[in-house]
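Before any comments, here is the structure.
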Amino acid sequence: MPFICIKNFSILTTENTKKNDDEYIKMFWVGLMDGDGSIQVNHWQYKSLQFRLVIKLSNIITNYNMLIKIAKTIGGTVIITGKSKDVIWYVNNRDTIKTIIKIFDCYPLLTSKKICQLEFLKKCLLENSVENYLINRNSKYINQSSIINSNPLSSFVNLPYYFNGWVSGFIEAEGCFSIRKNTYHSFSIGQNDDFYLINSIKNFFDIANTVRNPYGHFYCLQVYKKEKLKFIINHFNNYPLLGEKSKSLQKWIKELNN
Numbered sequence: 001m002p003f004i005c006i007k008n009f010s011i012l013t014t015e016n017t018k019k020n021d022d023e024y025i026k027m028f029w030v031g032l033m034d035g036d037g038s039i040q041v042n043h044w045q046y047k048s049l050q051f052r053l054v055i056k057l058s059n060i061i062t063n064y065n066m067l068i069k070i071a072k073t074i075g076g077t078v079i080i081t082g083k084s085k086d087v088i089w090y091v092n093n094r095d096t097i098k099t100i101i102k103i104f105d106c107y108p109l110l111t112s113k114k115i116c117q118l119e120f121l122k123k124c125l126l127e128n129s130v131e132n133y134l135i136n137r138n139s140k141y142i143n144q145s146s147i148i149n150s151n152p153l154s155s156f157v158n159l160p161y162y163f164n165g166w167v168s169g170f171i172e173a174e175g176c177f178s179i180r181k182n183t184y185h186s187f188s189i190g191q192n193d194d195f196y197l198i199n200s201i202k203n204f205f206d207i208a209n210t211v212r213n214p215y216g217h218f219y220c221l222q223v224y225k226k227e228k229l230k231f232i233i234n235h236f237n238n239y240p241l242l243g244e245k246s247k248s249l250q251k252w253i254k255e256l257n258n
């Protein structure tokens, strides 16, 4: 069954309803892919191409349940690694991958690295040539700088309509709810290379803090002000986290309220 874009997606009445809404899960999954996913192309003994979509997380029951929910919604398989350290969602069937990546037509990826990975996968699917793959595999990120400079979010007058769900998935992957003994609890999020993305999250939550560049190409945002932290919490009331980060959020909220 083909995926259908629903661009008039609206806030549903309860958190539990949203957790079981297929469109919300797709938006959330795109954010999770942007943060923790991988879009892979490899070769098998130089004879044929292999394609794979992967999300690897710590093997915690809440992460397992989240990946099972994703698999039931969009497809894929969930396994636990041999040493039980990680839980992995993956798809390696070519036809299934062709179907699943249509979700990105509805809800585009927003990180420069994943955009490059997706474009390379599409190119390899189209050409289906091991020779071309070997020639081009080391240049899959050749357009990353131009993507960063052009800012994928600049094509939207406002943030994209799916950003609420996307940012919850991205925070599930990259967000951090910090609890400190001095009670200066905080929320932080960071990303390599993509200043434009962290800055958009800052604007989305109406945060005054400056996006910092503490080292290299890493950009991060950290928030302590309780008024803004409550605003962030309210977002998750409408667009819930689905994995282990939801447990972290609940512990963090409890400390904030003490």
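Start counting the sequence shown at 1; every next residue gets the next number (full-length UniProt numbering). Ideal Cβ positions, reconstructed from N, Cα and C, are used throughout, including at glycine.
Cβ-based neighbour list, residue i, same chain, cut-off 6 angstroms, excluding 5 preceding and 5 following
{"i": "Met66", "result": "Leu242, Gly243"}
{"i": "Asn42", "result": "Gln50"}
{"i": "Gln250", "result": "none"}
DSSP three-state assignment for residue i, whether helix, strand or coil
{"i": "Ile39", "result": "strand"}
{"i": "Asn58", "result": "First, the amino acid is wrong: residue 58 is Ser here, not Asn. Residue state, collapsed to three classes: strand."}
{"i": "Gln45", "result": "coil"}
{"i": "Ile88", "result": "strand"}
{"i": "Leu242", "result": "coil"}
{"i": "Ile11", "result": "With a pLDDT of only 43 at Ile11, under the threshold of 50, the placement of this residue in the model should not be trusted, and no figure is reported."}
{"i": "Ile80", "result": "strand"}
{"i": "Asn213", "result": "strand"}
{"i": "Tyr224", "result": "coil"}
Cα-Cα separation between residue i and residue j, rounded to whole angstroms
{"i": "Asn59", "j": "Gln40", "result": "22 angstroms"}
{"i": "Lys69", "j": "Asp105", "result": "21 angstroms"}
{"i": "Ala208", "j": "Val167", "result": "18 angstroms"}
{"i": "Leu109", "j": "Val30", "result": "6 angstroms"}
{"i": "Ile171", "j": "Asn92", "result": "26 angstroms"}
{"i": "Tyr24", "j": "Phe187", "result": "23 angstroms"}
{"i": "Thr99", "j": "Arg180", "result": "45 angstroms"}
{"i": "Lys122", "j": "Ile88", "result": "23 angstroms"}
{"i": "Asn257", "j": "Asp206", "result": "22 angstroms"}
{"i": "His235", "j": "Glu127", "result": "42 angstroms"}
{"i": "Cys176", "j": "Leu134", "result": "38 angstroms"}
{"i": "Leu125", "j": "Lys140", "result": "14 angstroms"}
{"i": "Gln117", "j": "Asn182", "result": "42 angstroms"}
Same chain, Cβ closer than 7 angstroms to residue i, five either side skipped, listed in chain order
{"i": "Tyr90", "result": "Arg52, Leu53, Val54, Gly76, Thr77"}
Exposed unless 16 or more other CB atoms sit within 10 angstroms - verdict on residue i
{"i": "Ala173", "result": "buried"}
{"i": "Asn192", "result": "exposed"}
{"i": "Leu229", "result": "buried"}
{"i": "Gly82", "result": "exposed"}
{"i": "Trp44", "result": "exposed"}
{"i": "Gly169", "result": "buried"}
{"i": "Leu57", "result": "buried"}
{"i": "residue 259", "result": "The structure shown has nothing for residue 259, since the chain only spans 1 to 258."}
Neighbourhood of residue i by C-beta distance below 8 angstroms, restricted to the same chain and skipping five residues each side
{"i": "Phe204", "result": "Leu159, Phe163, Val167"}
{"i": "Arg212", "result": "Tyr219, Cys220, Leu221, Gln222"}
{"i": "Leu153", "result": "Leu110, Leu159, Pro160, Tyr196, Leu197, Ser200"}
- Item | Ranges of the alpha helix (DSSP H) found wholly within the region 170-204, counting only runs of at least 4 | Complete alpha helix (DSSP H) runs here, min 4: 195-204.
- Message: Please give me, in chain order, every unbroken run of the beta strand (DSSP E) with length at least 3 that falls completely inside the region 104-162.
- Response: If only uninterrupted beta strand (DSSP E) runs of at least 3 residues are considered, none is enclosed by the region 104-162.
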